[in-house]
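Residue numbers (this note's numbering), protein chains in the order written: chain E, 1 to 252; chain Z, 1001 to 1249.
Ideal Cβ placement from N, Cα and C applies to all residues, glycine included.
Since we're looking at a predicted model, the values are computed, not measured.
In what follows, a structure is listed as structure tokens, so that the remarks can point back to it.
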Amino acid sequence: MTAISRRKLITTGLAAAAGVSALAVAERLARRYSLIPPDHGGLYGAGETLTYAAQRVIGRHALAREFPRSMISNPPFGNELAPPSPEFKRFQADGFRDWRLQVDGMVAHPLTLSVSDLRSMAVRSQITEVVCEEGWSYVAEWIGTPLSGVLEEAGALPQARYVVYRSIEKDWWESIDMVDALHPQTYLTWGMNDGDLPVRFGGPLRMRVPRQLGYKSVKFITHLTVTDSMKKFGKGLGSASPEGGYAWYAGI
Amino acid sequence: MPTAVEVEKKKKIRHSALVRVTHWLTVVAFLALLVSGLEIVVSHPRFYWGETGNVNMKPLFTIPIPASRDTVPTGYGYTMPDQNGWSRYLHFQSAWLLVITALVYGIASLLNGHFRRNLVPERRDWNWHAYRDRIARYLRRQPPDPAEAASYNVLQRTAYIAVIFGLFPLMIWTGLALSPGFNAAFPWFVDVLGGRQSARTLHFILTWLLVLFFVVHVAMIAVSGFRSRMRAMITGRTADSPARIKERS
């Protein structure tokens, strides 16, 4: 072995050791600051983790772009829905008066709220764009109750890390971290463009998460669960989306 | 102390290890981005200009293919297999690979003088004459100048600069402008492009410009000696000395 190759071997070894320890430090920091998404494993886990961590570092509290009223899409576009279940039809028949939102999990006071209960809380509106992963988009005015207000009312515990939300439609559920859950533009939406939220657009109650793609804005919300871990929900990947091959974090 | 032979070897290196590694990483990322990007486009093969666009609005242009979703009226009465899930995961993971590779390549090439030495056209070539001469040489199929065995000619330099400092940065820019999270943090990123749908349309057009570069690039390599060029980009060395290039022609 010549002197040069020995020196090379030592420097390569040192560089490799430094690389491995840098990765270990990065992982500890990422865990400490909650920068690792629930679907971090598998073939595409690295890209997903980098995207989620980068956006949590650079734009944690940034607001989604809002638009002037003149830019509201007329007519808006909503994807075709699956035929409503008999249960949904029963709620629809009496104008969703019996629709209930259950709030449970890591909260001091579990709640059961009707849409009119939500309307009597703090009301906000935003003119934001719905962006579908397919590529299309539209702008609408969304009127609702900030999720942060509901979480405050329920007394979400300090160790809470995610809010899981479910649709009345079977197997349609998502979750967001507390950064998005407490974000001022994340609403439980019951109104759209100066009227009630139409069924086509998720009425009577839709989660709006405007900093993420449309598939995080789940329609027909009935249930919120506050939790500190996604392990016990579904396959533990964060939501139904990764189970179907889609990223949990859709802020891309 | 390097021996005389080692110094000699070093001199003959056509592409540095940095260029070779980042080149192939870019190839992997580019092909993965291309395939996954086309898969994503198939879910809505319509393009718009401005902020918003959907099937209720008039498209700027439409790709005449069936879509992978039945939400898009394409007139074909047939939907393609939907591959959006893994395509999106792969697209963004490859985008990270591309960006990190580009940063390593860009910073190192600034520091070690690769840009200055090999990519910025030489001072004497800063005129139309130089371009015209080199094009004429290609058209007449004349052998390359011996100096081209060690570095790039003016057309290559210009093409690489356009791709490295023009197309790829624009591609990354228009891609980031499609991210709702990123747009929240930096709204001007998408606003200066004329809106979200404009960014998507530009991203698509830029794809074809990069594909055009890719096709010409590979064709030129095939014409000028596929095996020796591949060897140079893989091992760094080329068997061709300037003398042999002359000989062969």
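In whole angstroms, what separates the C-alpha of residue i from that of residue j?
i: Pro38 (chain E); j: Ala22 (chain E); result: 22 Å
i: Ser1250 (chain Z); j: Ser175 (chain E); result: For residue 1250 (chain Z) there is no data in the structure shown, the boundaries of chain Z being 1001 and 1249.
i: Arg1014 (chain Z); j: Ile1135 (chain Z); result: 23 Å
i: Gly1113 (chain Z); j: Val1035 (chain Z); result: 34 Å
i: Ser73 (chain E); j: Val218 (chain E); result: 20 Å
i: Thr1026 (chain Z); j: Phe220 (chain E); result: 44 Å
i: Val1028 (chain Z); j: Ala1095 (chain Z); result: 11 Å
i: Ala156 (chain E); j: Val1055 (chain Z); result: 41 Å
i: Leu111 (chain E); j: Trp142 (chain E); result: 24 Å
i: Leu224 (chain E); j: Glu129 (chain E); result: 24 Å
i: Val1007 (chain Z); j: Arg1141 (chain Z); result: Summary for Val1007 (chain Z): the model assigns pLDDT 49, below 50, so the residue's position carries little reliability; its value from the coordinates is reported in the next sentence. Distance between the alpha carbons of Val1007 (chain Z) and Arg1141 (chain Z) is about 34 Å.
i: Ala247 (chain E); j: Gly1085 (chain Z); result: 8 Å
i: Asp171 (chain E); j: Asp98 (chain E); result: 22 Å
i: Tyr1105 (chain Z); j: Val1019 (chain Z); result: 7 Å
i: Arg200 (chain E); j: Thr189 (chain E); result: 13 Å
i: Val64 (chain E); j: Asn1183 (chain Z); result: At residue 64 (chain E) the sequence reads Ala, which differs from the Val that was named. For Ala64 (chain E) and Asn1183 (chain Z), the distance between alpha carbons rounds to 7 Å.
i: Lys8 (chain E); j: Leu14 (chain E); result: 10 Å
i: Val1163 (chain Z); j: Ile36 (chain E); result: 34 Å
i: Trp1173 (chain Z); j: Ala1159 (chain Z); result: 20 Å
i: Arg1123 (chain Z); j: Arg1132 (chain Z); result: 16 Å
i: Phe1115 (chain Z); j: Ile1205 (chain Z); result: 27 Å
i: Gly149 (chain E); j: Leu113 (chain E); result: 13 Å
i: Lys1246 (chain Z); j: Arg1137 (chain Z); result: At Lys1246 (chain Z) the pLDDT is 47, less than 50, meaning the model places this residue with poor confidence; the figure from the coordinates comes in the next sentence. C-alpha separation (whole angstroms): 15 Å.
i: Glu27 (chain E); j: Thr11 (chain E); result: 24 Å
i: Val266 (chain E); j: Leu151 (chain E); result: No answer is possible for residue 266 (chain E): it lies beyond the span of chain E, which begins at 1 and ends at 252.
i: Arg1069 (chain Z); j: Ser1109 (chain Z); result: 44 Å
i: Ala18 (chain E); j: Gln1197 (chain Z); result: 44 Å
i: Gly191 (chain E); j: Ile252 (chain E); result: 27 Å
i: Val1154 (chain Z); j: Leu29 (chain E); result: 47 Å
i: Gly47 (chain E); j: Val1218 (chain Z); result: 29 Å
i: Val1072 (chain Z); j: Leu197 (chain E); result: 24 Å
i: Pro1081 (chain Z); j: Ala250 (chain E); result: 22 Å
i: His1091 (chain Z); j: Thr1201 (chain Z); result: 17 Å
i: Pro76 (chain E); j: His1023 (chain Z); result: 45 Å
With 16 other CB atoms within 10 Å as the buried threshold, where does residue i fall?
i: Gly272 (chain E); result: A question about residue 272 (chain E) goes unanswered here, because the residues of chain E that appear run from 1 up to 252.
i: Tyr1076 (chain Z); result: exposed
i: Phe233 (chain E); result: buried
i: Thr1238 (chain Z); result: buried
i: Gln126 (chain E); result: buried
i: Val1211 (chain Z); result: exposed
i: Trp1208 (chain Z); result: exposed
i: His1203 (chain Z); result: buried
i: Trp1128 (chain Z); result: exposed
i: Val1216 (chain Z); result: exposed
i: His109 (chain E); result: exposed
i: Ile1234 (chain Z); result: exposed
i: Trp173 (chain E); result: buried
i: Met106 (chain E); result: buried
i: Gly1181 (chain Z); result: buried
i: Tyr256 (chain E); result: Coverage of chain E is limited to positions 1 through 252, which leaves residue 256 (chain E) absent and any answer about it impossible.
i: Ala1291 (chain Z); result: Absent from the model: residue 1291 (chain Z). The displayed extent of chain Z is 1001 to 1249, so no value can be given.
i: Gln159 (chain E); result: exposed
i: Gly202 (chain E); result: buried
i: Tyr1256 (chain Z); result: Beyond the ends of chain Z as shown, which are 1001 and 1249, falls residue 1256 (chain Z); an answer cannot be given.
i: Gly1053 (chain Z); result: buried
i: Phe88 (chain E); result: buried
Given 8 Å as the limit, is there contact between the segment 128-138 of chain E and the segment 1035-1047 of chain Z, that is, 3 or more CB pairs closer than that? yes
Pick out the complete alpha helix (DSSP H) segments inside the segment 18-81 of chain E, 4 residues or longer, and give them in chain order. 45-58
With three or more C-beta pairs closer than 8 Å as the rule, is the segment 1184-1191 of chain Z touching the segment 69-84 of chain E? no
Along the segment 1064-1087 of chain Z, what residues have a CB closer than 7 Å to any CB found in chain E? Arg1069, Thr1071, Asn1084, Gly1085, Trp1086
Going along the chain, which residues of the segment 220-248 of chain E sit with their C-beta nearer than 8 Å to a C-beta in chain Z? Gly244, Gly245, Tyr246, Ala247
Going along the chain, which unbroken runs of the alpha helix (DSSP H) with 4 or more residues stay wholly within the segment 1118-1193 of chain Z? 1128-1139, 1154-1161, 1168-1176, 1180-1185, 1188-1191
Pick out the complete alpha helix (DSSP H) segments inside the segment 197-252 of chain E, 4 residues or longer, and give them in chain order. 240-243
Residues from the segment 1095-1129 of chain Z in contact with chain E, defined by Cβ distance under 7 Å: Trp1096
According to a CB-to-CB cut-off of less than 8 Å, which residues of the segment 29-53 of chain E neighbour chain Z? Leu43, Tyr44, Ala46, Gly47, Glu48, Leu50, Thr51
Please list the residues of the segment 128-153 of chain E that have a C-beta atom closer than 7 Å to any C-beta atom in chain Z, keeping them in chain order. Glu129, Val131, Glu133, Glu134, Gly135, Trp136, Ser137, Tyr138, Val139
Mind listing which residues of the segment 168-186 of chain E have their C-beta closer than 7 Å to chain Z's C-betas, in chain order? none
Relative to chain E, which residues along the segment 1051-1063 of chain Z have a C-beta separation below 9 Å, given in chain order? Glu1051, Thr1052, Gly1053, Asn1054, Val1055, Asn1056, Met1057
Could you tell me which uninterrupted alpha helix (DSSP H) segments, each at least 4 residues in length, are contained entirely in the segment 1016-1050 of chain Z, listed from first to last along the chain? 1017-1042
Are three or more beta carbon pairs between the segment 39-48 of chain E and the segment 175-185 of chain E nearer than 8 Å? no
Could you name the residues of the segment 1167-1181 of chain Z whose beta carbon sits closer than 8 Å to any beta carbon of chain E, in the order they occur along the chain? Leu1178, Ser1179, Pro1180, Gly1181
Length at least 3, wholly inside the segment 121-191 of chain E: the beta strand (DSSP E) runs in chain order: 124-131, 137-146, 162-167, 173-177
Quick one, which residues of the segment 73-99 of chain E are near chain Z if we go by CB-CB under 7 Å, in chain order? Ser73, Pro75, Phe77, Asn79, Glu80
Which complete alpha helix (DSSP H) runs does the segment 1046-1106 of chain Z hold, if anything under 4 residues is left out? none
Report the residues of the segment 1195-1226 of chain Z with a CB closer than 8 Å to any CB of chain E, ordered along the chain. Arg1196, Gln1197, Arg1200
Given a limit of 8 Å on CB to CB distance, which residues of the segment 199-220 of chain E reach chain Z? Pro210, Arg211, Gln212, Leu213
Contact set between the segment 1009-1038 of chain Z and chain E, restricted to residues whose Cβ is under 7 Å from the partner: none
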